[in-house]
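Enquirer: Using my numbering, the first residue of the sequence shown is number 1103, and each one after it goes up by one. The structure that follows is given in the form of structure tokens.
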Amino acid sequence: MVVPLSLALMGLGGCNPYERWTGDEFNAGPVDAQTFPPAYLGTDAVRQRAGSGFFAASSASVGGAQVEYFLFPFSTTQLELDDPLAAASSKEAPKPSAYVFNNGCKAPEGYSYDLARDAVDYSQQGVIFTQLPSATYAPGVAATWSYVPIVARVPVTPTDTTCQTIKSETALVKRAGNEVGVVLTDPAPATGKQVGVSDGTLLAHAIIEPGAAVFHADGETPATGVGLQKWGWYNQYLLAYLDGGEIPTAGGRLVTQRLFVPRSEVTLTDAQGNTSNEAVAAGQGFDVLTAQRGQPDYSPVCEVWTYDAGGPLTPEQLPKSVADIEANYNATLAKPTAGDPYVYCLQLDTRAE
């Protein structure tokens, strides 16, 4: 398994001329992901062994065009709620704050990012998170968790700060009004503690095992497994996350897009040319989505629907757009009888890749 080069070189951080211990902040190394929920450790992960898993995008079609997305399940507790799509924060489906910086932090003079040298890009400031994924593991019992890959955005405007020198909520609040602009709560009566105020925007940011490689749907690119994930901070620890963009809301609920998957069998051909008719599920490459990222109806939260094509079809024969499904199989549309009714379906913004 490929381990991200940036993490392999983190032990050399002390030799990096761009990493400075500034005030009360230093790079404490990668977060420990041992207690992350299984889906956030990656495929084939052994949770006690860092970097043993990997993430590969799933192929899908939107309006006849090929796209890809990263699928994450709703948490066990979220699915038990009366309304799993409730947008408000709650104990069962918490949506913690994340500090998202506008452009404007200061990069070191003459700096350009070097993947082989730098743990992070010192020309930008990583998002600062306030909660990590966590699951309960017990022998012989499936893991349970309440973590959801959703954060409430707190906008931060750098005014006089060097990129990547702020690595925690505590340090950011201390520097508010001097190095950064951020709206804070009033001091708490007992402790005087202040935190940032969200602007009400929810973002799909899935925190993942930082040592896991992340690939396109081909399972091979980028060759290093680095480049699709982004890097941020939690209490001075470096973390990796997949950025699925903004989640639309309406009436206090998360707005979804539809994900269609055939419940009729699909005719598959193996490497030896043998064919078989198989049942398929969401995330296996036969899905149709309503919208791709950047389109008005895009959401990184999907409501799963199934359709019956009337008999086994090859992947080439399957519909490639919602219009095709509605024109030919609309009468067969149904919610899934097995599997989750909702999933997170994060499409990454790869325009700058």
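Glycine residues also receive a C-beta, built at the ideal position from the N, C-alpha and C atoms.
Report yes if the C-beta distance between Pro1251 and Ala1135 is below 8 Å; otherwise report no.
Expert: no
Enquirer: Looking only at DSSP bridge pairs, what is Asn1379 linked to?
Expert: Note: Asn1379 is bridge-paired with Thr1369 in the DSSP secondary-structure output.
Enquirer: Could you name the residues of the same chain whose beta carbon sits closer than 6 Å to that of Asn1379, not counting the 5 residues immediately before and after it, in chain order?
Expert: Glu1367, Thr1369, Pro1414
Enquirer: Considering only residues of the same chain and omitting the five flanking positions on each side of Val1148, which have a CB-CB separation below 7 Å?
Expert: Ser1154
Enquirer: Is Glu1322 helix, strand or coil when you go by DSSP?
Expert: Coil at Glu1322, not helix or strand.
Enquirer: By the 10 Å Cβ neighbour count, where 16 or more other Cβ atoms means buried, how is Asp1223 classified, buried or exposed?
Expert: buried
Enquirer: If we count the other Cβ atoms within 10 Å of its Cβ and call it buried at 16 or more, is Leu1114 buried or exposed?
Expert: Interpretation of Leu1114 is limited by its pLDDT of 40, a score under 50 that renders its predicted location unreliable; the figure taken from the coordinates is listed afterwards. Leu1114 is exposed by the Cβ-count criterion.
Enquirer: Do Pro1235 and Tyr1142 come within 8 Å of each other at the CB atom, strictly closer than that value?
Expert: Yes, the Cβ-Cβ distance between Tyr1142 and Pro1235 is below 8 Å.
Enquirer: Out of Val1363, Pro1443, Tyr1444, Arg1395, which has the shortest C-alpha to C-alpha gap to Thr1434?
Expert: The residue with the shortest Cα to Cα distance from Thr1434 is Val1363.
Enquirer: Do Asp1399 and Tyr1431 have their C-beta atoms within less than 8 Å of each other?
Expert: no
Enquirer: Would you list, in sequence order, the uninterrupted alpha helix (DSSP H) runs of no fewer than 4 residues that lie entirely inside the stretch 1254 to 1292?
Expert: Whole alpha helix (DSSP H) segments, 4+ residues: 1271 to 1277.
Enquirer: Could you tell me the distance, in whole angstroms, from the CA atom of Pro1289 to the CA atom of Ala1352?
Expert: 31 Å
Enquirer: Which of the three DSSP states is assigned to Pro1140 in this structure?
Expert: helix
Enquirer: Given a cut-off of 8 Å, decide if Val1357 and Cys1404 are closer than it, judged by their beta-carbon atoms.
Expert: no
Enquirer: Under the three-state reduction of DSSP, which class applies to Leu1450: helix, strand or coil?
Expert: coil
Enquirer: Between Phe1128 and Gln1266, which are expected to be in contact by the criterion C-beta below 8 Å, what is the C-beta distance as a whole number of angstroms?
Expert: With a contact defined as Cβ atoms closer than 8 Å, Phe1128 and Gln1266 miss out at about 11 Å.
Enquirer: Between which two residues does the alpha helix (DSSP H) holding Ala1167 run?
Expert: Residue range 1167 to 1175 is occupied by the beta strand (DSSP E) that includes Ala1167, with no alpha helix (DSSP H) assigned at that position.
Enquirer: Please name the residue, chosen from Ala1383, Ala1218, Ala1440, Pro1210, that lies closest to Val1328 on a Cα-to-Cα basis.
Expert: Ala1218
Enquirer: Please go through the same chain and pick out, in chain order, the residues whose beta-carbon is closer than 6 Å to the beta-carbon of Leu1111, but skip the five residues on each side of it.
Expert: Because the pLDDT at Leu1111 is just 41, under 50, the model does not fix this residue reliably, and the value given afterwards should be weighed accordingly. Around Leu1111: no qualifying Cβ.
Enquirer: Give the single residue among Ser1423, Asp1146, Phe1157 whose Cα lies nearest to the Cα of Pro1324.
Expert: Phe1157
Enquirer: Closest to Gly1279 by C-alpha separation, out of Pro1260, Ile1268, His1307, Asp1185, would be which residue?
Expert: Pro1260
Enquirer: Among Val1390, Thr1416, Trp1407, whose alpha-carbon lies nearest the alpha-carbon of Gln1168?
Expert: Val1390
Enquirer: Under a three-way DSSP split, which group does Asp1442 fall into?
Expert: coil
Enquirer: Who are the near neighbours of Ile1427 in its chain, counting only those whose CB is closer than 8 Å to its CB and skipping five residues on each side?
Expert: Phe1362, Val1390, Tyr1409, Pro1421, Leu1435
Enquirer: Would DSSP call Glu1418 helix, strand or coil?
Expert: coil
Enquirer: Compare the Cα-Cα distances from Trp1247 to each of Val1253, Thr1238, Ala1254 and report the closest residue.
Expert: Thr1238
Enquirer: Would you grab the beta carbon distance between His1307 and Val1258 for me? Rounded to a whole angstrom, and I think it's under 8 Å.
Expert: Cβ atoms of His1307 and Val1258 stay farther apart than 8 Å, at about 15 Å.
Enquirer: When you compare the CB positions of Ser1401 and Ser1163, do they come within less than 8 Å of one another, or not?
Expert: Ser1401 is not a Cβ neighbour of Ser1163, given a cutoff of 8 Å.
Enquirer: Rounded to whole angstroms, what's the CA-CA distance from Glu1182 to Thr1145? Just pull it up for me.
Expert: Rounded to the nearest angstrom, the two C-alpha atoms are 25 Å apart.
Enquirer: Between Tyr1213 and Leu1274, how many whole angstroms is the CB-CB distance? I'm expecting something under 8 Å.
Expert: Going by Cβ atoms, the distance from Tyr1213 to Leu1274 rounds to 22 Å, so no, they are not a contact pair.
Enquirer: Give the straight-line distance between the Cα atoms of Pro1059 and Gln1296, rounded to the nearest whole angstrom.
Expert: Residue numbering for the chain in the displayed model covers 1103 to 1455; residue 1059 lies beyond these limits and cannot be assessed.
Enquirer: From the DSSP output, which residues share a beta bridge with Arg1395?
Expert: Bridge partners of Arg1395: none, in fact.
Enquirer: By the 10 Å Cβ neighbour count, where 16 or more other Cβ atoms means buried, how is Gly1346 classified, buried or exposed?
Expert: buried
Enquirer: Where does Gln1180 fall in DSSP's three states?
Expert: helix
Enquirer: Taking buried to mean at least 16 other C-beta atoms within 10 Å of its own C-beta, is Tyr1249 buried or exposed?
Expert: buried
Enquirer: Can you look up Glu1428 in the DSSP assignment and give me helix, strand or coil?
Expert: helix
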